[in-house]
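Inspection log for the structure reproduced underneath, given as structure tokens.
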Amino acid sequence: MMRFVYTTLAYLLVPFAFAIVLWRGFRDRSYWQNLGERFGLGRRETATTIWVHAVSMGEVQAAAPLVRALRSRYPDTPLVLTTVTPTGALRGRSLFGDDVHVRFVPYDVPGCVRRFFARARPRLAVVLETELWPNLYRECGRRGVPLVLASARISPRSVGRYRLLVGLFRETLSHGIIIAAQSRGDADRFKSIGANPQRTHVIGNIKFDFELPDGAAIAGRQLRELEARDRSVWIAGSTHEGEEDLVLDAHLEVCKHIGNALLVLVPRHPNRFESVANALRKRGVRFVSRSSGARVRPDTEAWLVDSLGELVTFYAAADVAFVAGSLVPIGGHNLLEPAALGLPMLTGPYNFNSEDVARLLLEVGAARIVHDAAELATQVAALLGDPDERQRMGSAGRRTFDGNRGATRRLLELIDPLLERRQSLN
118 MMRFVYTTLA
128 YLLVPFAFAI
138 VLWRGFRDRS
148 YWQNLGERFG
158 LGRRETATTI
168 WVHAVSMGEV
178 QAAAPLVRAL
188 RSRYPDTPLV
198 LTTVTPTGAL
208 RGRSLFGDDV
218 HVRFVPYDVP
228 GCVRRFFARA
238 RPRLAVVLET
248 ELWPNLYREC
258 GRRGVPLVLA
268 SARISPRSVG
278 RYRLLVGLFR
288 ETLSHGIIIA
298 AQSRGDADRF
308 KSIGANPQRT
318 HVIGNIKFDF
328 ELPDGAAIAG
338 RQLRELEARD
348 RSVWIAGSTH
358 EGEEDLVLDA
368 HLEVCKHIGN
378 ALLVLVPRHP
388 NRFESVANAL
398 RKRGVRFVSR
408 SSGARVRPDT
418 EAWLVDSLGE
428 LVTFYAAADV
438 AFVAGSLVPI
448 GGHNLLEPAA
458 LGLPMLTGPY
468 NFNSEDVARL
478 LLEVGAARIV
488 HDAAELATQV
498 AALLGDPDER
508 QRMGSAGRRT
518 FDGNRGATRR
528 LLELIDPLLE
538 RRQSLN
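First residue of the sequence shown: 118, per the working numbering; consecutive thereafter.
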């Protein structure tokens, strides 16, 4: 009965979900690309594959070490990477090129799921973090495809919701799914909703295993030397609608205390670059854009980074980082990039996308929470004026980042036997 209700609701919701995709496409045409994949259509693989699912751009980035390790270990097995968002697909293609087949995950209804499995032909499925797709998981069990929930987490307040959904694939959960949990608490919560204790392991958070782009730190220092050698620089990384105004309000206050302060402003989504530039013009902010190639002048107040793939380089060029998506209820973005660079961090109160990472960095004093423009201005000005505190916070973040690595290695120790067993059966 429960499965009938869920599947019926899923079928009813698919038209609305697709309508949202089409509507968003009027603002961002990337939503209109490969629409058939959302219904399980698309490329038909000629051989069995390893399937990795990462819901959006942050998870795709976090999956990069795992994907590269799997490609190195199993070079003859194609790898399919699925995601939900166009930015996730774009990031996957930029990271892996033609070496990985990037596509959208299908809607979780039986027909779409069956078409996806028939085309993707997975012999192993690896799903990152908290994604629950009852029909996809059930199809894994039906086809005998091993399923690994990698770096899996479940918050105490989500246990009830998970228990309800897990009833849709409980047999698979207890016998066919390996849980590679982030923490002991996560593992215990998965067991409480029916996970097999013998198949539940603690591996840590795979996000800590990302590698900084080659030369990013050096490139950042060179950029700083070239463009803002004698300036105090702070960066607002991955801002969303509603945050730029708060950041600019804060920057006006910062400049009252730090006269040579320069703001590096990095909007999250490319389709908003022009609107952010227009907002800067409307407010009378003296700025240069990265895409223009113009140099930062002594009177430049803000540097608009309207390019892709350079966020880490600009983090490396800054003194203080505000990690956005956190002053508005987006859920926060990747705090580990500035942590890996030894940069003191500020973040808003909305960090539910990576609560565990945010909590850990706050506990060790590597990051601070700000709730509004006034608090952001106060903290930025204080840190720009205190190099010793910047060094202390940055060092704490770097130590935390280094001390929590290794989840990918532990995950591969669980995956390798599954792939070898499947290979021996074929």
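All C-beta atoms, glycine included, are put in the ideal place defined by N, C-alpha and C.
Item: Put A89 into one of helix, strand or coil per three-state DSSP.; Value: No statement about residue 89 is possible, as the shown extent of the chain runs from 118 to 543 and does not include it.
Item: Whole angstroms is fine: what's the gap from Y128's alpha carbon to V226's?; Value: 6 Å
Item: Work out the CA separation of D416 and L196 for me, nearest whole Å.; Value: 49 Å
Item: To which residues of the same chain is H318 closer than 6 Å at the C-beta, ignoring the five residues directly before and after it?; Value: A297
Item: Using the C-alpha atoms, what's the distance from G142 back to I447?; Value: 20 Å
Item: Helix, strand or coil: how does DSSP classify L329 here?; Value: coil
Item: Identify every run of the alpha helix (DSSP H) within the region 249 to 315, keeping only runs that are complete inside it and at least 4 residues long; order them along the chain.; Value: 251 to 260, 276 to 283, 287 to 292 and 301 to 309
Item: Since I believe I323 is in contact with L478 (beta carbons under 8 Å), could you give me their beta-carbon distance rounded to a whole number of angstroms?; Value: That belief does not hold up - the Cβ atoms of L478 and I323 are roughly 17 Å apart, past 8 Å.
Item: Output yes or no for whether 7 Å exceeds the beta carbon distance between V429 and P330.; Value: yes
Item: When the distance is taken between beta carbons, is T464 closer than 7 Å to V497?; Value: no
Item: Starting from F135, trace the alpha helix (DSSP H) in both directions and tell me its first and last residue.; Value: M119 to G142
Item: I believe V262 touches A242 by the beta-carbon criterion, under 8 Å. Please report the beta-carbon distance rounded to the nearest angstrom.; Value: 6 Å
Item: Just confirm the distance between the C-beta atoms of V177 and G214, as a whole number of angstroms; I'd bet it's less than 8 Å.; Value: Not a contact, Cβ separation roughly 14 Å.
Item: Measuring straight from C-alpha to C-alpha, what distance separates G442 and R403?; Value: 24 Å
Item: I need the DSSP call for H374, collapsed to helix, strand or coil.; Value: helix
Item: With 16 other CB atoms within 10 Å as the buried threshold, where does D216 fall?; Value: exposed
Item: Can you look up R231 in the DSSP assignment and give me helix, strand or coil?; Value: helix
Item: Which term fits T163, buried or exposed, when burial requires 16 or more other beta carbons within 10 angstroms of its beta carbon?; Value: exposed
Item: Please state if the CB of L452 and the CB of M462 are separated by a distance shorter than 7 Å.; Value: yes
Item: Excluding the 5 residues preceding and the 5 following L425 in the sequence, name in chain order all residues of the same chain whose CB lies nearer than 7 Å to its CB.; Value: P387
Item: Measure the C-alpha to C-alpha separation of I94 and F307 and round it to an integer number of angstroms.; Value: Only positions 118 to 543 of the chain appear in the structure, and residue 94 is not among them; the question remains open.
Item: T200 to S173, Cα distance in whole Å?; Value: 6 Å
Item: Return helix, strand or coil for R407, following the three-state DSSP convention.; Value: helix
Item: Can you grab the Cα-Cα spacing for the pair Y254 / G293, in whole Å?; Value: 10 Å
Item: What are the boundary residues of the alpha helix (DSSP H) that T430 is part of?; Value: L428 to A433
Item: Report buried or exposed for F567, applying the criterion of at least 16 other Cβ atoms within 10 angstroms of its Cβ.; Value: The structure shown does not extend to residue 567, since the chain spans only 118 to 543, so no value can be given for it.
Item: Helix or strand or just coil, what does DSSP make of T544?; Value: Limits of the chain in this structure are 118 at one end and 543 at the other, which puts residue 544 out of reach.
Item: Cutting at 6 Å between CB atoms, please list the residues of its own chain near V350, excluding the five before and the five after it.; Value: L379, A435 and D436
Item: Taking all protein chains shown into account, decide if W140 is buried (16 or more other Cβ within 10 angstroms of its Cβ) or exposed.; Value: exposed
Item: Indicate whether Y148 and P203 have their beta-carbon atoms separated by less than 7 Å.; Value: yes
Item: Which value, in whole angstroms, describes the spacing of the CA atoms of S189 and A345?; Value: 40 Å
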